[in-house]
Structure formats: C-alpha cells, structure tokens
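K.L.:
Line by line, the protein sequences give chains A, B, C and D.
Counting in my numbering, the first sequence runs from 492 upward without gaps.
Counting in my numbering, the second sequence runs from -3 upward without gaps.
Counting in my numbering, the third sequence runs from 31 upward without gaps.
Counting in my numbering, the fourth sequence runs from -4 upward without gaps.
Ideal Cβ placement from N, Cα and C applies to all residues, glycine included.
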Amino acid sequence: MNGTIPAPTIEYGMLAPLLVVFGAAIVGVLVEAFAPRYLRSAIHLPITLLSLLISFGLIVWQWIEGVPTKAAAMGAIAVDGPAMFIWGTILVLAFVSVLLINDEGHFVGSAAAVPGSAEEEQALYEGAAHTEVYPLVLFAVGGMMLFPAANDLLIAFVALEVMSLPLYLLCGLARRRRLLSQEAAMKYFLLGAFSSAFFLYGTAMIYGYANSLDLAKIGATLGTVGGQDMLLYLGGAMISVGLLFKIGGAPFQAWKPDVYQGAPTPITALMASGTLIAAFGALVRVFWVALGGLDWDWRPVFYGVAVLTMLVGAILAITQTDIKRMLAYSSIAHGGFLLIGVIATGSAQAQNTSALSGILFYLVAYGFTTVGAFAVVTMVRDAGGEAWHLSRWAGLGKRSPLLAGVFAFFLLAFAGIPLTSGFFGKYAIFQAAVTGGALSLVIVGVVASAVAAFFYVRVIVLMFFSDPAADGPSVVLPSRGTAAVVGLAALATVVLGVFPQPVLDLAHSAAQSLFVR
Amino acid sequence: MTTHYLVLSALLFAIGGVGVLVRRNAIVVFMCVELMLNACNLAFVTFARQNGSLDGQVIAFFVMIVAAAEVVIGLAIIVTIFRTRRSASVDDASLLKH
Amino acid sequence: MEPAEIASIAQHSGGAIGVAWLMIALPLVGAAVLLLGGRRTDKFGHLLGVLMAVASFVVGALVFVQLLGFAPGERRRGVTLFEFIPGLVDNVGLLVDPLSISFCLLITGVGSLIHIYSIGYMAHDPARRRFFAYLNLFVAAMLLLVLADNYLILFVGWEGVGLASYLLIGFWQHKPSAATAAKKAFIVNRVGDVGLLIAMFTIFATFHSLTFSGVLDRTGDASQGTLTAIGLLLLVGACGKSAQLPLQAWLLDAMEGPTPVSALIHAATMVTAGVYLIVRSGPIFEGTGTAQLVVTIVGVATLLAGAIIGTAKDDIKKALAGSTMSQIGYMVLAAGVGPAGYAFAIAHLITHGFFKANLFLGAGSVMHAMNDEVDMRKYGGLRTVMPITFATFLIGYLAIIGFPLLSGYFTKDGIIETAMEHSAVLGWLAVLGAGITGFYMSRLVFMTFFGKKRWDAKAHPHESPAVMTWPLILLSIGSIGLGAFLILGNRFMIFLSPAVGAPAHSPAFNPFSVPGLATLALVAVGAVFAWMRYGAAEVPATAPRGSFLTTFARRDLYGDALNEALFMRPGQWLTRLAVFFDNRGVDGLVNGLAAFIGGTSGRVRRIQTGFVRSYALSIFVGAAVLVGAWFVVGNL
Amino acid sequence: MPWLSTLMGVSVLGALGVTLIRNDKLAKQFTLLVSLIVLALTVTMAVQFSPNGDQWQFQENHSWIPAFGINYSLAVDGIALVLILLSVILVPIVVLASWHDAEKGKRSVRTYFSLILVLEAMMIGVFAATDVFLFYVLFEAMLIPMYFMIGSYGGAQRSYAAVKFLLYSLFGGLLMLVAVIALYSIAGKNTFMLSDLIGTVQDVNTQKWLFLGFFIAFAIKAPLWPFHTWLPDAAAQAPAGAAVLLVGVLDKVGTFGMLRFCLQLFPEASAYFTPLVIVLAVIGVIYGAIVAIGQTDMMRLIAYTSVSHFGVITLGVFAMTKGNPGAQDAGAGATLYMVNHGFSTGALFLIVGFLIYRRGSQFIADYGGVQKVAPILAGTFLVAGLSSLSLPGLSTFVSEFMVLSGAFRLHVPAAAIATIGVILAAIYILWMYQRTMNGPTAESVKTLPDLNAREKWVVAPLVALLLVFGFYPKPLLDVINPAVKDTLSSVSVTADQAAAATGVKEGK
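1. Can you list, in chain order, the residues of its chain whose CB lies under 6 Å from that of A194(C), leaving out five sequence neighbours each side?
2. So, is G936(A) buried or exposed, given that buried needs 16 or more other C-beta atoms within 10 angstroms?
3. When you compare only the Cα positions, how much space is there between A448(D) and L170(D)?
4. Helix, strand or coil for L7(B) per DSSP?
5. Which two residues bound the contiguous beta strand (DSSP E) that contains F53(D)?
6. Cβ of S912(A) within 8 Å of Cβ of F859(A)?
7. DSSP three-state label for H505(D), please.
8. Could you check which residue in V86(D), M141(D), Y148(D), F134(D) has the C-alpha nearest to that of V104(D)?
9. Extract the residue ranges of the alpha helix (DSSP H) inside the stretch 288 to 358 of chain D, only unbroken runs of 4 or more that lie entirely within it.
10. Got a sec: which bits of the stretch 233 to 249 of chain D sit with their beta carbon under 7 Å from any beta carbon on chain C, in order along the chain?
11. Classify D198(D): buried if its beta carbon has 16 or more other beta carbons within 10 angstroms, exposed otherwise.
12. Hey, G328(D) and G388(D) are a contact pair by Cβ (cut 8 Å); roughly how many whole angstroms apart?
13. Closest Cβ-Cβ distance between S49(B) and chain A: below 8 Å?
14. Along chain C, in chain order, which residues have C-beta atoms closer than 8 Å to that of N476(D)?
15. Determine the direct distance from the alpha carbon of I137(C) to that of L143(C), and round the result to whole angstroms.
16. Tell me whether I496(A) is buried or exposed, calling it buried when 16 or more other Cβ atoms sit within 10 Å of its Cβ.
17. Does DSSP put A496(D) in a helix, a strand or coil?
18. I need the boundaries of the beta strand (DSSP E) containing L666(C), first residue and last residue.
19. Taking the C-alpha atoms as reference points, what is the distance between L735(A) and A819(A)?
20. Would H204(C) pass as an interface residue toward chain D - the criterion being a Cβ-Cβ separation below 8 Å?
21. Go through its chain and collect everything with a Cβ distance to P456(D)'s Cβ below 8 Å, but skip five positions before and after it.
22. In terms of residue numbering, what span does the beta strand (DSSP E) encompassing R107(C) cover?
23. Exposed or buried, what is Y163(D) when buried is set at 16 or more other beta-carbons lying within 10 Å of its beta-carbon?
24. Assuming D720(A) is part of the alpha helix (DSSP H), what are its boundary residues?
25. For C36(B) versus Y724(A), is the C-beta distance shorter than 8 Å?
26. Can you give me the start and stop residues for the beta strand (DSSP E) that I215(D) sits inside?
27. Note down the Cα distance separating I424(D) from V396(C), rounded to an integer number of angstroms.
28. Could you give the C-beta distance for G304(C) and S272(C), rounded to a whole number, given that I count them as a contact under 8 Å?
29. Quick check on L258(D) - is its C-beta less than 8 Å from some C-beta in chain A?
30. Between G364(D) and chain C, is any beta-carbon pair separated by less than 8 Å?
31. Where does T76(B) land, buried or exposed, given buried means 16+ other C-beta within 10 angstroms?
32. So for F187(D), helix, strand or coil by DSSP?
33. Output yes or no for whether 8 Å exceeds the beta carbon distance between I199(C) and L264(C).
34. Under 7 Å Cβ to Cβ from S0(D), same chain only, skipping five residues before and after it: list those, please.
35. For D445(D), list the residues DSSP reports as bridge partners.
36. Alpha carbon to alpha carbon, what distance is there between D88(B) and G658(C)?
In structure tokens, the structure reads:
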C-alpha cells in the first residue's frame, strides 16, 4: 500500500455513445418532473430519437477513426469492434422500436389504476399517457449497450439490471389486456430477479477464484490457481444461468412466451431484438474473454443447451394459436441457432472471427425481421385491440395483400428461405459451426429449422390460402412511424438477403479484432 | 476459517432459492430473491477477506444499491397487480400459459 | 447349325429404290392430312386414303422392278435417310431386299384392295374418314417395320402398327367391348414388346450395333448362350405380335374391329410381323438350336390351338381368327426350321395374306348383307343370294385347306415337308393341324353358304356392291395362282436366298410324298366330317352344350381364364395393395411423423403451466443440472 | 452479351411489370408477350451455342458474396441448355393454357401470372448456375412461388398439398445445405464454383456423407421412391399449369442435380451408392406405375406416372458410372428424357386440365365417352398419353430406349425389370383413356365443347415437339452428347471407355 490511490481515468470519448443515451434518459426524467403534462410527449420524442441518432453518429465516427484496442474506464468497459457493432445495431433497432412505441394506443393511461375502474376511465378520458415510457426505454437501451461492452462482471451485473428494470416496468404498461400485461411484468420481474441472483452468485464464485472481476484477468488466471476448480465450475455455471435466462435458452426459456405475449407489442419488439442482441453480446464476451480457456468444459454443456433450446422452441411453437406467443417460441428457437455460433468458436483466430461475425450478422438480420414482424402485429386489430389469435388472421392476404405479403416475407426470413436475410444469418452460423467441427449440432439445427418452417408456413397458409372470416380483424392504417418501421424492416430483410456483403464485411471487420482484453 | 462463511452464504442462497419455489406470496417470493442477493454479498465479502482485496467489499455496496432499485420496481409491479387482483399470490396470475 | 450365307448390303441411291421412302411417306401423309384436316376432308377422305395406298403400291412395284434388275447377289440395297441417335442407331435407313420387297408388295397390294373394299364397307359410317386415316397410318407403319434396316426402326414400325391396330380395333369405341378389346390387344402386345426391347438391349450390348448388317453378319462373335437368350426374347416379341401361344389371347377379341381391319391387320399383314422378325433375324436363330426348337414348338402348339379354337366358334370372324392363329403357327414352325423353311414360311405368309384377306372380306361381305350378324348359326344357304361372295369365298376356302393346285396347297405342303424333315413329331402334328383345318373351314363354309336359311326375320341379304366384290375377285385370283407361282421351281426360294440365305439343299416340290398324301387324306376326312355335321345335318340355332372338349375350345382353351387367374386378378390385388400401402404406408409415415411432432408439441407445451413458481423451478433445476454438467465435464 | 442474365432479367422485369398492370386481360397478354420474348431470346442464344465448343458457354461470373466465396456465376453446357429450352418453351404454353385458371378462385390473376414469370427466371437460373451455392439458393427459393401457386390457386385440399410440398422439399434442401457447407469447408478453397470443387473431396467416407446430403434433397425433388408422396398431392391440387411447371421443370432440378452435382462432386460415393439408387429407381418405376393404375383421380394418376418416369431418369443418371460401357447412352438418354418428359407430361397435364376445367371433376369415374363429343380433345389426350407410355415415334421413346439400353449394359436385371414398366404404362394410360374417352357417352359430358382455338395452340406445339424429336432427336442429342461426355470424364470414366461407349460413332 503506497497510500495513494491513482485517480481513475475515464475515456469519455470512447464512452460518449453510452453517455449520450444515459444523459438523454436523465434529461427525460427531468422533463417528466418539470415539463407540463401536455408538452411532455412532444419533448420526449425528439430527445429520445435525437439521442439515439447522436449516439449512432458517434459510433460511426469512432469506427471511422479506428476501433480502440484497449478497454475504457480502467478496463471496465470494452469499446471494441464487436461492442461497437452491437451498439450500432441496438441503436438502430431501438430507434425503430421508438417509432413503434410512439404510436398511439399501446400504453395504458395510468398504470396504477385498476383495470376497468372508474379511475381508469377517467385517465383515458383525460388522455393521460405514461410519457415515462421514453426515459425508461432510453435507460433500457443504455443498459443493453452497456451489457455487451461490460469488461467486468460487476459492470455486467449492473448493466443487466439497468437493462432489465425498465423493461419489467414497460411490460406492465399495455393499454389493453391489462391483466395479461401485469402478469407478464410480474413474471418477468420475479424470474428476472431470480436469475440475476444466480448470475451474481456465479460472479461471487468467480471472484473467489480469480480475485478479480475483470474478464481479462479472470481469463489470465485460468489454470494458474490450483485446487479451486469447484469455485470456477460453480461460478461458470451460475453465470451462464443468468445469461442463458436473458437469451431464453432452454430450460430457462419459460418466461419468454408469457412475457412476449403479455407485454405491449412495441416493447416486445424491443425486447425480442435489443435484449437478445445485448445478452448474446455479453454471453459471447464473458465466455470468450473470461472463460475462453475453459471452453472444453462449457462447450459440451452449451451443446446440450443449444439442442434443447432449438427443439423446445421449434416444437412448442407448432401448436401455438397466438401470434405473439408463436413469435416468442420462434425467438427461443433462434436463440438456439445463435448458440450454435457460440459453440462454433475454436482455437484458431479465423474460426473465431467467422463464428463471431456469423453471430453478429445473424443478430442484425434477426433483429430487423423481428421488429418488423411485431410491427405488423400491432397493425392487425379487431374490436378488442390487436388480434393475436391466429384464426383471426385467416384471409388477411385477401384483405390487405401488401401487409400480409410483407409479413409472409418476414416469416420466410425467420424460416431461413434463401434470398432473405434469415437465410444468410443461418448460413453464416452453420458454416462457422461446420468448420468448427460441430456438424452434428448443425444437423440438429437443420432438423429444427425444418420443424420450425412448419409454423411459419402455417401462418402463410392462414393468411393467403384460407378464406377470411366474416368478422375478421381489420388492418389499421399504419401511422407514418409504424409504416416506416415495417418498410425499413422489410428493406433490411431484402437487402441482407440479396446483398449481404456490406453488412457481412462490417461484421467481419468488427469480429476481426475479436474482444479487447 | 472463511469456508464457514462461504457455507453459510451457500445455505442462505439455497434457502432463498427454495423460498422462491415454495412461497406463494409475491412479496415473500421477492424477499427470498433479496435473501439470495445478500447471500451473494456475504460471499463477496468473504472472498474479499480471504483474498485480501477490497474489491469484494465495494461490490457488496453496488449490489445493495442494485437490490434497492430492484425493490422499488418490484414493489411497484406487485402492488399494481395486487390492486387489480386483490391477491398477492403468484399462483393467481397464470393467465398466460402453454 | 451354321448360319446361312446372306448377301452383303450395298448402299444405294437413285432410282425407285432411292425414293423407296415414298412408300412409307405417301400413306403417312395421307393419314396426317386426314387426321389434321378434320371434317373438311370428310368428303374425299376415303378417296385420298385409297390413292395413297395405291400410290405406295406403285412405288413398291417400281422398286421391285429396279431390284430385279440387279444380279441376285446385289439385291440387298441400303438407303440412308437421315441421322437418328448418334452412337446407338446412327442413321435411319431402309433395307430394300427380296424379303422386304415381298412384304411391301403384299402390304401395299392387299392393303390397296382392302382400302378399296372399305369404301363400300364403311360407306355408312360417319367416321369413315378417320377409318381411312388409321388404315393409311397402318400401312405406313407396317412398311416402316419391314423396310427398316435396323431393329430400333423396325420397333418403331412394330409399335406403329400396334397403335394402328389399337385404334382400328377400338374404332367403334362407343362399344365398351371394342374399347376393351383394343386395350387388351395393345397391352398383350406390350408384353411381347418387352421381350423385343430386352432383345435389342442384349443385341446392342453384344454387338454394339442394332443394324441388321452390324448384327446378323457377326453372330459368330457371340456366345451360344447369348444367342439363345436373344432368340428367345425375339420370339417373345414375335409371339405378342403374331398371337402365338402364350400371347394369343388378344387376337380373338380383336375381331371387334371393322372387318376390313381384321382382314388387313389381323390376318394378312400385321400379325405376320412376328414371322418376319424371326426370318429377318435368321442368323441369330440359326446359331442356336435351342431357340429354334422353342420356335418350332411354339409354332406347332399354336397351329393346333388355333385350329381347335376355330372348330368351336360360331362367330364367323372368330372362327377365321382362330384359323389365322393356326396358319401363322405354320409360318412360325417353318421359320423355326431355318433357311430350309424361310421361303416356305414367307411364301405361305404371302398366299395366306391373299386367301385370308379374301376370306375375311368375304365374311365382311356376308355380315354387310346380314346386318352385321356374325353368328354363323343365323346364316345358311347364302350361296344363292351372294354368288360372287360365295364364289370368291369358296376359292379362299379351298386355298386354305390346301386343295390341290390352289395357293395354300403348295405353301402349306412345303411347310409340312420341311417340318417333317426337321422332326417327324412336329411334321405329323402339322399334318394333324391341316386335317383340323379341313374340318373347321368346311364347317364354316357349310354353315354359312349351305343348308337351310336360319336368318333373322329382319335380314334381307343381298350381294355387296362392286367396290367390295372386285377386291374379292382380285384376291381370289391370288388365292388360286400365287402358290404355284412361288413354289414351283423353287422360284421364291431362289429369289429370297440373297436376303435369308439358301438352304443346304433345295427341296423340290413333291406332290406325292407320304406326308403330302396324308395331309390331303386328313383334310378330306375333316371336310367330310364337317359336311355330315353341318352340311347334311340340321344346324341348331343355338349352340348345343357340347362336351368338355367343345367348351374347352369355345373358351379359347381357357387362355383368357388363365390370364385372368394368373395376371389380372393378382394384378388387381397388387394394385389395390400398392395404393393402400402408398396412402397408409409411405404417405402414412410422412403424415405420421408430422402428427407425431404435432402431438409432442401438444403434450410438451403443458410444461408451460403459467405458474411463475414452476418456471422458477425449471430455472432452479436447470441451474442444478448445469452446475452438475460443468462438474462432470470438468472432471472428465 | 450476358445472355443468361438477360433472360432472367427479362423474366423478373416482366413479373414486376405484370403486377403493375391493372387490367387482368392486359396482364395476361403482357405475360404471354414476355414469355415469348424470353423464348425468342433463348432460341437466339441456343443457336449460338456451339455443341463441340467449350463445355461451358455464355459464362458470366461476378462475385456476389465474397465473404462466403459465393459467386453469381452462370454458364450452360448442353445439358443445361436443353433444360432451359424446355423451361422457356413450357412457360408460354402454360401461360396460354392457364388463361382462365386463376379466375376461378376469385384470387388475383395478376399475381398468378407474375409468379409464373418469377418462376421462369428461377428455372433458368437454377439450370445455369455453375456456383454450387447459387444453385442451392435458387433450388430453395423456387419453392416459394410454386408454393403460392399451389396454395392460392389450387383445389380443395390446396393448403395441405402446398404445405406438404414446401416442407418436404425444404427439409431435403436443408440437408443439402449442410452438405453444401461441409463441402465448402472440406474443400477449403473459399469458393463455391463447381469447377473448383470437383475433385476436392478425396476421402471416400466423407464423400458418402456429402453425397447423401445432396442426394436426399434431389431424391425428394425428383421425386424418387419412397420420397414421392408429396407429388401426387401437389400435382392433384395445383392448377394444371402449375402442375406442368412443377412436374415438367421443377422436379427435373432433382435429376439434373444428381447428374451435375452428385456424380461430379462425389464420384466414388456415387459409385458406392449406385446399387442402392438403382434399386430405388427400379422400385419407383414399377411401384409408381402400379399405384398409378389404381388411381381414381386423373391428376394423381399422372403424378404417379411421373414417379415411374423419374425412376427411369434416375436409373439413367446412375447408370452413368465408372465402367459402364453404356454410360454415355444412359446419361444422354436421361437428359433427353428430362426434356421429353417435360413436354409429354406437360401435354398430358394440360389436356387433362382442359377436361377438368370443362366438367369440374378430376375423377375418372365422372367421365366416359368424351371421344364422341370432343374428338380433338380425345385425340390429343391419346397422343399425350401415348408419349407417356413411350410409344416409338414419339420422343419419349428415344430417351427411354437410350436409358434402358445404357442401364442394361451396367446391370441386366435392373434394366430388364424397369422395362416391364412399359407394360404397366400401357395399362394405366389406356385404361384411363378407355374409362374417360371410350364407351357410351356419359350424361354429364354430353355437352362438353371440344378444344377451342386457344387450347389447340397450347397443345399443337407440344405434340409437334414430341413427334419431331421422336423421329429426329439429333439436334438435341448433338447438344447433349458432348456435355454428357464431359460430365462423364469428371466421373472419372477414362476417355477410352467413353469412346467405347459411344462406340460406333468413331469406331466405324
């Protein structure tokens, strides 16, 4: 002990994208506190969108300037290629989701009011709105950005919570079907908290083993400490519980269908894209940087998880009758496919690069398609709000061919039909896996894809080949925001399916440097 | 010596975990989660002591703050659902299934 | 036996032979014009058809004349037409030689007469134009069959005549029996075709060629076993087309077609294609005694079977069909004997073409007069009302039973003599067949033209118009003189020998040989017996029950029953089984798999109970399993 | 001039154009025009193809996704050329034949015709692709337009049929995807170009697995017994025009794939599996025919005949193996059969489609004696049927003979048993003909009109092609034979053997 503690250095420049988002979130809170009610919405939206844009711009600028090769904030936050790629993706998807969120009618006027009570009526009458949604979303987005960049398990934990806590709340804010919404919030919250306890306990064990929470240092410690393997295994397993919970890996997937179904659809879109991307970013970082030397141990375990996840997702989706639940199961299955990519890593640099770039590309492709799909879900409504039950979708292709066509296209992308983005995503992952020697996993993946194709195709059958019900749901004229979302998502799905090269290049160069240590 | 604390921490964590599984009241379930977090804190502090570094103790503070934030959110959600359903039993909220 | 020497083929261009393809093309164009022209050609369709047939005959005659101009050893002329399948059959070519030209003249000659006859016979049929189109098509295909210089093109013609036969048997296709008969004919022929196809595969695999010159000149290169296999397979093909046992069943049903069809296709020409095939492939058969033996056995068996069937039929056309089977049996028998028999086989084929066409057309004339009645028990005493028909029919009858000095006498006797030389058993069986022929043909004539009138009340028989009787007259001239012309002095044998090879020793016609006399005697016995039963005695209007043997003959020797029991019924069962298996088994497996996955999904989704505590439990257990797994894997 | 891209481009632009035309009738005429332009362009291209020139002609090669080593690479050899010709000839015919097909269901007529043109572009691309990955992409993407054509415009069971078709094919395709990826990794050349990949997989065991991945996909597509059960459903439910494109062209991609990819990429494995495949093919020939005999629905019947015919084609493809002196004949025959079968089955489907359109029933039992009221329809039906049973003089015979003759030199019993199929073919065709066209005219068909002018124009070119190539197959064979020879040489048959197989040509 020299008595002097060196002052921490913070690379504000590198962290600027994060800081912008968090800053904007805090501004949002202030707006909520001080701005008059009727102005709030008008102030929030520009702030939110602008902050996301600025943040994105900063990332682009930084990318052009050159990707940093050293972790920022005393090694706590790694602003490296993959992190920046993920940031960019999350920001774009968040931007798109905000457009969706901004649409009228998704959120309850007063969350505290009992559903069906006079109080609620009053709130609706007054046009009350939970404008807190915007800062909450920004906080969540900030958390999503921090999570995959966390180079320290403590930061990871904090990021996890920063990302999750606003989402718990957002889940409970649906205007219609409020019982479901509240139930979803509660389930998500309790299970989320439960799983982060596991994550934290695992962190503690790792700390006990390595005497550090810095991922790089943990990685360096592996194999140098004798007789403490128990701590390491326990820690690794527990951490993976927390991470797998977030991506919905089996057997930790149970929350996903319920929460996806109950949450307001724009929030589901944000979760299904952003959270998944963030969680995968974190998972990959933790398991490569910190536990990369232990891959012989975690790889078989993940192998089992991946197989189970793909099969559970694909098989359970088949008999779903609710479109949002079905998409949730589909998201589980896609999580399984992505896990193949995680397992595909190997010792060789090139192999790791191709696996990582595969994962990154898949995340982009899936993220856009899924936001687009949920955006379409928001537009198909009947008297009771969004028409979730699949039987209500019958004959949609005849009523509004364009919308149904776009949705069918998204579904085909989910199914991984060539000339859609989903195909190249899957291809990139499978290819990395085959090269990495995980052929058997790819075969399971292929079988799961075939099974999964069934329920995507079934929706197309309903929309196009069945006759419409007499009192079928109508398609609301999309607001400019929603239309933009659907259009952008469709465009991304096409472009990534036909000319994936630019994005592949980006993902590749992001993955090239791998993670900073 | 520190092993005992670790065992205690593990026990607390397990008790918390089992509590989540067996208790119906949402508040109690949530408290059990808090118990698990605190078990983690105990482990952090123990390891800090064992390894002779301060990090673990600092971490414990971080965790407490996060836990506090979690309480705020959690109670808000639980109270809302209680107001709606007049029940704090987690088993009553099971509309979303299959 | 060593294959007989046959002359080599000289490529030819120019002259009539150079345009020999016109023989085929003319009727083909006729068919095309009539079929594509539709109703517009109704008015002159029959005339165009006749014109094309006659034109084809004229070309054939010119070709024949040119061919005669060559020295005997140079009478095999090849004409290359156009490229076909590189590597397999490089060119489509024609082979004009004594064998093929004989057939051409028969086909176009008899064919033209039958065309002319049909003008009258089909005068009242609204679809007469189509009939002539099909007849033209047949003539073209048949000529292609005999003129082809390789097996593959032969097969094209072979199937072409099958198609024409199918179309013509089913010409009155609104009649279910006609449609069924047509289909049956085609399918049974296809059984034979399989034999021919596999024969061609084997030939190509062995000789790397399908041209006659490429194969038949090199039979020595192949092993005995291969030659036997090829021979037997060719025989299967021949059996199908020529209605030889065991593929005879279709011919009797084929009589559902209009009578000129029966005359042209199912008596004079198409059914003899099998004989042509065997004779043309002579070197192959000569290289293998086994195949030859089988050929002769099939021939004898069929000649007897056909004759027996002929004795029991009351349907005049079916009786004649049985007779046709039987006569072709003779030809096959002769063809199986080798070069010594070829000339007789073909000569009999030609004379048979004349007298059988004569008989069929005569029968048609009778039917024409009797409102299409075919049951001979309803005829009787027609000789007075239809003198020309009777006279020509009588000539045909005498020719077929081998009455001395008429055509059949010379050619059939030749066959019997040759067979006798080859094998006494076969010879005597052939003699026996001749005796039966005497019986059933006499029966036919007596029942039709003699005895009491047993006509229907509505029947007003009359002599047919000249357009029908003139062909009869011309055919009966052939029936009288052709045999003597061909056989005496071995004229035909010598003419044919460049194409099929000369026999080791030329048999001279000997009218007083033991078999010859025995034949005459047996024929006489048969005729007398027939006179006693059907001429002198009363013919009952309904057929008596008869003995077991009669039933046996009436039911076509149980050929159909056998086919039904052996193929049709099991086939139907197999089909049903296969359909069931496909729906329930193969498709069931696919659908079952889908149902299984769906069922699994339905059951497994129950784990998603909706209770947050059960989700927590799954996380807890999952965590425990994960931890356990890490430990297990880590300590491996 | 980038011929192949132009062809695809014209089709795709046409497809887009059709969707913009508001007037249905105009849209149809436009579609017909586009398809005729494509046909004209293709013929112009085909004329410039020199049969004895380079194996690959009209090459185009652009990098598409360099990250994965994928090229947009097109070229044709003789085999691809004739199959493209088949496709572009069938499309205008199908368009003309489907004039009123899409109107029944009150569904978008424009979409239907647009889908046809999209499909046309993909059909051209899939045969012309010389990049394995590009082939795969089109192979799978083709399913989608066809899926919509069956599902939206088909019969009562169309959803079931469409889903079954899509999932079945997709499953096969995914297995192939695994093999494609594995091939890429094993070859390690960072390219999917077929020419670069040939001969890269040396290990026989690996070859076997990769072979299976490709083969199962193709066997499902083709369809080979026992992977065939999707076809009767799809063909029976699809509108006749779609059925023609499905069975006539799309399914050919399966056999084409076997020839182009299985044999060339995995020669040893192909040789290893040849006995198995031949057994399956022969079972398919006989089984398909027997089941066809037992059908009561005409469209299903024709579908099963195709199962039988695909058996023959597969037999031919796999008779193209090392050491078979008949390899050249078998391969050229199989290729020719693919073309002929397209015309023959196409004609059959379309004519049956006309019949069904008139009477509104697919069941044989609902007909009888149609010949009397509609002789031209009956006549053309018979011609198409006869080509299906490979009557000599019609082009199917030439190819069937070549295949069986070629296969006979490899395996006598297999070819002999397959030959029995010709009897069964006669039974199913003629029995169907008899039950529908012959006999007394059924009451319900007494007023059926005969073919109208448009329908005659549909049938005439098909019948003409069948007849012309039946007697003069040389133009096609001249193009096919060198390509087959080149293919054979990469299936490692030595030049001498191939020459011996071609035999007579040089020998004499």
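P.N.:
In brief:
1. Against the third sequence, residue 194(C) aligns to sequence position 164. Around A194(C): Y164, L167, F168, A171.
2. Reading the first sequence from its first residue, position 445 is the one you call residue 936(A). Classification for G936(A): buried.
3. On the fourth sequence, residue 448(D) is found 453 positions in, with the first residue counted as 1. On the fourth sequence, residue 170(D) is found 175 positions in, with the first residue counted as 1. Their Cα atoms are separated by approximately 46 Å.
4. Working through the second sequence from its first residue, we reach residue 7(B) at position 11. In the three-state DSSP reduction, L7(B) falls in the helix class (H, G or I).
5. Taking the fourth sequence and counting its residues from 1, the one referred to as residue 53(D) is at position 58. From DSSP, the beta strand (DSSP E) with F53(D) extends over 52 to 60.
6. What you label residue 912(A) is simply residue 421 of the first sequence in a count that begins at 1. What you label residue 859(A) is simply residue 368 of the first sequence in a count that begins at 1. Taking 8 Å as the cut-off, the beta carbon of S912(A) is found closer than this to the beta carbon of F859(A).
7. Nothing in the structure corresponds to residue 505(D), since chain D is present only between -4 and 503.
8. Residue mapping note: residue 104(D) aligns to position 109 of the fourth sequence, counting from 1. Answer by Cα proximity: Y148(D).
9. Counting only unbroken stretches of 4 or more residues, the alpha helix (DSSP H) elements lying wholly within the stretch 288 to 358 of chain D are 293 to 313, 322 to 354, in sequence order.
10. Answer set for the stretch 233 to 249 of chain D: empty.
11. Residue 198(D) sits at position 203 when you count from the first residue of the fourth sequence. Here D198(D) is exposed: its Cβ has fewer than 16 other Cβ atoms, across all protein chains shown, within 10 Å.
12. Start at 1 with the first residue of the fourth sequence, and residue 328(D) comes out as number 333. Start at 1 with the first residue of the fourth sequence, and residue 388(D) comes out as number 393. Their Cβ separation, rounded to whole angstroms, is 17 Å, which puts G328(D) and G388(D) out of contact at 8 Å.
13. Stepping through the second sequence from its first residue, residue 49(B) is reached at position 53. With 8 Å as the cut-off, S49(B) counts as an interface residue toward chain A.
14. Residue 476(D) sits at position 481 when you count from the first residue of the fourth sequence. Listed along the chain, the chain C residues whose CB falls inside 8 Å of the CB of N476(D) are P116, G117.
15. By one-based count along the third sequence, residue 143(C) stands at place 113. By one-based count along the third sequence, residue 137(C) stands at place 107. Cα-Cα distance, rounded: 10 Å.
16. Start at 1 with the first residue of the first sequence, and residue 496(A) comes out as number 5. Sixteen is the threshold: since fewer than 16 other Cβ atoms of the shown chains lie within 10 Å of the Cβ of I496(A), the residue is exposed.
17. Taking the fourth sequence and counting its residues from 1, the one referred to as residue 496(D) is at position 501. Note on A496(D): pLDDT 43, under 50, position unreliable in the model; no value is reported.
18. Position 636 of the third sequence holds residue 666(C). That residue, L666(C), is in no beta strand (DSSP E); it is neither H nor E in DSSP.
19. The count along the first sequence starts at 1 and reaches residue 735(A) at position 244. The count along the first sequence starts at 1 and reaches residue 819(A) at position 328. In this structure, the CA atom of L735(A) is about 15 Å from the CA atom of A819(A).
20. Sequence index remark: in the third sequence, residue 204(C) carries index 174 (1-based). Closer than 8 Å: yes.
21. For the purposes of this step, residue 456(D) is taken as residue 461 along the fourth sequence, with counting starting at 1. These residues qualify, in order along the chain: I84, I88.
22. Sequence index remark: in the third sequence, residue 107(C) carries index 77 (1-based). Its beta strand (DSSP E) spans residues 107 to 115.
23. On the fourth sequence, position 168 is the one that residue 163(D) refers to. Label assigned to Y163(D): buried.
24. Locating residue 720(A) in the first sequence gives position 229, counting from the first residue. Start and end: 720 to 738.
25. What you label residue 36(B) is simply residue 40 of the second sequence in a count that begins at 1. What you label residue 724(A) is simply residue 233 of the first sequence in a count that begins at 1. Cβ distance not < 8 Å, so C36(B) and Y724(A) don't count as in contact.
26. Locating residue 215(D) in the fourth sequence gives position 220, where the first residue counts as 1. Here I215(D) belongs to no beta strand (DSSP E); instead the alpha helix (DSSP H) covers 199 to 216.
27. The sequence position of residue 424(D) within the fourth sequence is 429, counting from 1. The sequence position of residue 396(C) within the third sequence is 366, counting from 1. Rounded to the nearest angstrom, the two C-alpha atoms are 36 Å apart.
28. By 1-based counting over the third sequence, the position of residue 304(C) is 274. By 1-based counting over the third sequence, the position of residue 272(C) is 242. Taking 8 Å as the upper bound for CB-CB distance, G304(C) and S272(C) are in contact here, some 3 Å apart.
29. In the fourth sequence, residue 258(D) corresponds to position 263, counting from 1. No, no contact with chain A.
30. Residue 364(D) sits at position 369 when you count from the first residue of the fourth sequence. At least one chain C Cβ lies under 8 Å of G364(D).
31. Looking up residue 76(B) in the second sequence gives position 80. Label assigned to T76(B): buried.
32. To locate residue 187(D), count along the fourth sequence from 1; it is residue 192. Residue state for F187(D) is assigned as coil, using DSSP reduced to three classes.
33. On the third sequence, residue 199(C) is found 169 positions in, with the first residue counted as 1. On the third sequence, residue 264(C) is found 234 positions in, with the first residue counted as 1. If you check the CB distance, I199(C) and L264(C) do not come in under 8 Å.
34. Your numbering for residue 0(D) matches position 5 in the fourth sequence. Scanning its chain for C-beta atoms nearer than 7 Å, with the 5 sequence neighbours on each side dropped, one finds around S0(D) the residues E55, L69, in chain order.
35. Within the fourth sequence, residue 445(D) is the residue found at index 450, counting from 1. When DSSP reads this structure, D445(D) sits in no beta bridge, so it has no partner.
36. To locate residue 658(C), count along the third sequence from 1; it is residue 628. To locate residue 88(B), count along the second sequence from 1; it is residue 92. Taking the straight line from one Cα to the other gives about 33 Å.
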